[in-house]
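Peer 1: Encoded as structure tokens, here's the structure I'll be asking about.
In this note's numbering, the protein residues as written are 426 to 972.
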């Protein structure tokens with residue numbers, strides 16, 4: 426395998442031109458200077474539906490600096506939680522920093538004290554080399570950052586902030602206080618998990634993790650069933666079990682994965698050729714280098730798509746495709762002896778380079794930035810009962826996706842494009858269509874070279890058409906679908922998106938409400954804040970509890 430180190434790659438480009446005049450990169454480069462502890466009210470335009478009651482809780486980068494020091498990568502930014510409380514046609518806003526251990530240590534020292542994904546900290550002279558190495562697979566180590574900056578998910582009645590190490594933080598969804606720090610590895614044998622678990626309709630939560638066995642690393646599926654009445658369990662984690670797993674394709678270089686798929690009968694693990702070098706992890710710890718230094722991109726290796734039986738926990742099908750990088754799976758489902766999986770894909774992991782702070786600051790002079798950042802939604806169709814007499818093994822008539830036998834008997838799949846628009850942070854009607862045949866997904870634009878990079882997109886996967894919403898100088902975040910009560914059809918509901926604006930409106934944040942069917946604006950609320958508001962990443966809508 427020939428490899429490329431992500432950390433060693435460099436983005437080039439002319440310094441004499443502004444390639445993306447419509448894109449304001451500073452929305453990612455802001456630091457929250459003052460939390461909004463008490464809810465504030467804003468100005469309402471249009472109408473907020475009276476049936477829409479609950480809280481939109483969001484997570485993402487909050488501050489790219491500590492004292493006089495700056496993080497080098499956006500993924501290291503201190504986690505900032507946001508809450509939009511919607512009740513009877515009105516909305517309030519709050520934001521607070523997640524009180525992780527690394528956040529508190531950084532603030533106490535007034536500097537960056539822990540080396541993170543892309544940022545190198547000044548080493549502690551009291552820490553020996555052996556202590557650093559011992560910290561590699563120990564989430565409890567002070568050498569590991571617990572900055573849960575990516576997502577928020579419900580576990581029963583509790584809400585947790587997630588990163589990618591198995592330490593998560595329980596937050597109060599009503600005031601955003603950090604209430605508890607949970608090490609998931611205390612309950613199940615894992616050293617890593619994704620920041621995108623799946624929450625099932627019965628309250629069960631599944632996540633994909635990395636487990637180290639004596640035979641090597643395994644990609645495992647962990648199940649957290651809801652607490653039943655009468656049980657003496659204090660939380661869902663106490664009932665956690667590993668229910669499925671496969672050995673890592675490359676034992677010394679397990680694939681990096683940000684999410685996974687689930688259907689009625691299968692778990693789907695997509696092993697992309699972006700890998701984490703175990704030897705590289707040892708070296709980064711010895712040298713106190715950022716974690717990204719142990720990532721390796723094997724551009725000449727295929728991507729392997731694994732289907733694991735939910736009944737037995739064993740691998741039942743493998744498929745291969747050209748190499749691609751991905752962060753998010755849109756949805757997946759079974760139909761007529763095929764599994765369909767839709768993914769936002771990149772040609773390679775250059776997108777991770779795009780998120781370096783200096784690269785973002787200089788993006789206007791980098792002619793390659795748009796192509797590096799662009800993610801395209803594609804559909805793979807996996808035939809479960811291939812007919813060897815056919816050249817194209819895909820027998821569905823409504824797709825141009827293909828599958829072919831290779832000379833070695835493996836099945837190679839070629840995707841169908843779902844849209845020509847760059848799409849990221851995709852969402853669906855999750856409550857009703859997760860793992861089911863579906864039609865629509867919603868995303869934000871991944872085209873920084875577009876006329877309006879701050880576009881929200883609705884993609885019709887059947888007709889391959891799209892609707893968009895945009896406003897000059899406005900940058901919405903991940904669009905979240907909320908179904909209308911007694912939802913009658915797939916897009917019967919609204920889209921919620923947090924909004925920030927460009928450089929002339931840094932102290933402003935908003936909540937946008939779109940009709941999911943027509944994609945027309947129903948209403949919005951804009952808030953003036955005491956300081957800058959950075960763009961957030963992911964969130965979850967918690968409906969108001971009914972007594």
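Where is the CB? At the ideal position from N, CA and C, for every residue including glycine. Remember, predicted model here, so these are calculated numbers, not experimental data.
Taking the Cβ atom as the reference point for each residue, do residue 636 and residue 648 lie within a distance shorter than 8 angstroms?
Peer 2: No, these two residues do not count as a Cβ contact at 8 angstroms.
Peer 1: Compute the beta-carbon to beta-carbon distance between residue 836 and residue 745, rounded to the nearest angstrom, for a pair I have assumed lies under 8 angstroms.
Peer 2: Indeed they touch by this definition, with Cβ atoms about 7 angstroms apart.
Peer 1: Hey, could you find the ends of the beta strand (DSSP E) residue 863 is sitting in?
Peer 2: Per DSSP, residue 863 belongs to no beta strand (DSSP E) and is neither H nor E.
Peer 1: Can you give me the start and stop residues for the beta strand (DSSP E) that residue 734 sits inside?
Peer 2: Note, residue 734: beta strand (DSSP E), 728 to 734.
Peer 1: Do you know offhand how far residue 943's Cα is from residue 494's?
Peer 2: Cα to Cα, the separation comes out at about 46 angstroms.
Peer 1: Determine, using beta carbons only, whether residue 936 and residue 946 come nearer to each other than 8 angstroms.
Peer 2: No.
Peer 1: Counting Cβ pairs, one atom from each stretch, are 3 or more of them under 8 angstroms apart for the region 762 to 775 and the region 799 to 817?
Peer 2: Touching, yes, given that three or more Cβ pairs across the two stretches are closer than 8 angstroms.
Peer 1: When you compare each of 771, 688, 547, 889 to residue 823 by their alpha carbons, which one comes out closest?
Peer 2: Ranking 771, 688, 547, 889 by Cα distance to residue 823 puts 889 first.
Peer 1: With residue 459 as the anchor, note down where its alpha helix (DSSP H) starts and where it stops.
Peer 2: Looking at the DSSP string, residue 459 is not in any alpha helix (DSSP H), and its letter there is neither H nor E.
Peer 1: Exposed or buried, residue 926, counting other C-beta atoms within 10 Å across all chains shown (16 or more means buried)?
Peer 2: Its Cβ being crowded by 16 or more others within 10 Å, residue 926 is buried.
Peer 1: Which residues mark the beginning and the end of the alpha helix (DSSP H) in which residue 784 is found?
Peer 2: Unbroken alpha helix (DSSP H) run through residue 784: 782 to 786.
Peer 1: Cβ of residue 455 within 8 angstroms of Cβ of residue 957?
Peer 2: Yes, Cβ-Cβ distance for residue 455 and residue 957 is below 8 angstroms.
Peer 1: Under 8 angstroms, with one C-beta from each stretch per pair, do the region 567 to 574 and the region 482 to 502 reach the 3-pair mark?
Peer 2: Result yes; three or more Cβ-Cβ pairs closer than 8 angstroms.
Peer 1: If residue 986 and residue 509 are in contact, beta carbons under 8 angstroms, what's the gap, nearest whole angstrom?
Peer 2: The structure shown does not extend to residue 986, since the chain is modelled only from 426 to 972, so the question has no answer here.
Peer 1: Any idea if residue 785 is buried or exposed, counting beta-carbon neighbours within 10 angstroms, 16 or more meaning buried?
Peer 2: So residue 785 counts as buried.
Peer 1: Could you give the first and the last residue of the continuous beta strand (DSSP E) run that contains residue 484?
Peer 2: It spans 479 to 488 - the beta strand (DSSP E) in which residue 484 sits, taken as one unbroken run.
Peer 1: Report yes if the CB atom of residue 413 is closer than 8 angstroms to the CB atom of residue 717, and no otherwise.
Peer 2: The structure shown does not extend to residue 413, since the chain is modelled only from 426 to 972, so the question has no answer here.
Peer 1: Taking the beta strand (DSSP E) that residue 769 belongs to, which residues open and close that run?
Peer 2: Residues 763 to 771.
Peer 1: I'd like to confirm the pairing. Which residues does DSSP put opposite residue 605 in its beta bridges?
Peer 2: In DSSP, residue 605 forms a bridge with 595.
Peer 1: Looking only at its chain, what residues have a beta carbon closer than 7 angstroms to the beta carbon of residue 440, apart from the 5 residues adjacent to it on each side?
Peer 2: Residue placement at residue 440 cannot be trusted, given a pLDDT of 48 that sits under 50; what the coordinates show is reported in the next sentence. The residues are 790.
Peer 1: Less than 7 angstroms between the CB of residue 912 and some heavy atom of the ligand NAD, yes or no?
Peer 2: No copy of the ligand NAD occurs in the structure displayed, which carries no ligand at all.
Peer 1: Rounded to the nearest angstrom, how far is the Cβ of residue 879 from that of residue 870, given a contact under 8 angstroms?
Peer 2: With 8 angstroms as the limit, residue 879 and residue 870 qualify as a contact, their Cβ atoms being about 7 angstroms apart.
Peer 1: List the endpoints of the continuous beta strand (DSSP E) containing residue 645.
Peer 2: Run containing residue 645: 641 to 649, per the beta strand (DSSP E) assignment.
Peer 1: Would you tell me roughly how many angstroms separate the C-alpha atoms of residue 445 and residue 891, rounded to the nearest one?
Peer 2: Distance between the alpha carbons of residue 445 and residue 891 is about 23 angstroms.
Peer 1: Do residue 848 and residue 882 have their beta-carbon atoms positioned less than 8 angstroms apart in this structure?
Peer 2: Contact flag set, yes.
Peer 1: Closer than 8 angstroms is the cut-off here; do at least three beta carbon pairs connect the region 827 to 845 with the region 594 to 613?
Peer 2: Because the criterion of three Cβ pairs below 8 angstroms is not met, the region 827 to 845 and the region 594 to 613 do not touch.
Peer 1: Is residue 846 helix, strand or coil by DSSP?
Peer 2: Coil.
Peer 1: Ignoring anything shorter than 3 residues, give me the beta strand (DSSP E) runs that lie fully in the region 891 to 915, in order along the chain.
Peer 2: For the region 891 to 915, whole beta strand (DSSP E) runs of length 3 or above, ordered along the chain, are 899 to 901, 905 to 908.
Peer 1: Could you tell me which residues DSSP puts in a beta bridge with residue 516?
Peer 2: DSSP lists 511 as partners of residue 516.
Peer 1: For residue 691, I'd like the list of residues in its chain whose CB is within less than 7 angstroms of its CB, leaving aside the five on either flank, ordered along the chain.
Peer 2: Excluding positions up to five away in sequence, the list reads 732, 733, 734, 735, 764.
Peer 1: Can you tell me the Cβ-Cβ gap for residue 755 and residue 851, rounded? I've got them flagged as a contact below 8 angstroms.
Peer 2: With 8 angstroms as the limit, residue 755 and residue 851 qualify as a contact, their Cβ atoms being about 4 angstroms apart.
Peer 1: DSSP three-state call for residue 378: helix, strand or coil?
Peer 2: There is simply no residue 378 to check, as the chain begins at 426 and stops at 972 in what is shown.
Peer 1: Using 8 angstroms as the threshold, is the C-beta distance between residue 535 and residue 511 below it?
Peer 2: It is not a contact, given that the beta carbons lie outside the stated cut-off.
Peer 1: Would you tell me roughly how many angstroms separate the C-alpha atoms of residue 778 and residue 541, rounded to the nearest one?
Peer 2: Whole-angstrom Cα-Cα distance: 15 angstroms.
Peer 1: Whole angstroms is fine: what's the gap from residue 516's alpha carbon to residue 584's?
Peer 2: Their backbone Cα atoms lie some 20 angstroms apart in a straight line.
Peer 1: Might you give, ordered along the chain, the residues of its own chain that have their beta carbon closer than 6 angstroms to the beta carbon of residue 468, omitting 5 neighbours on each side?
Peer 2: The answer, listed in chain order, is 951.
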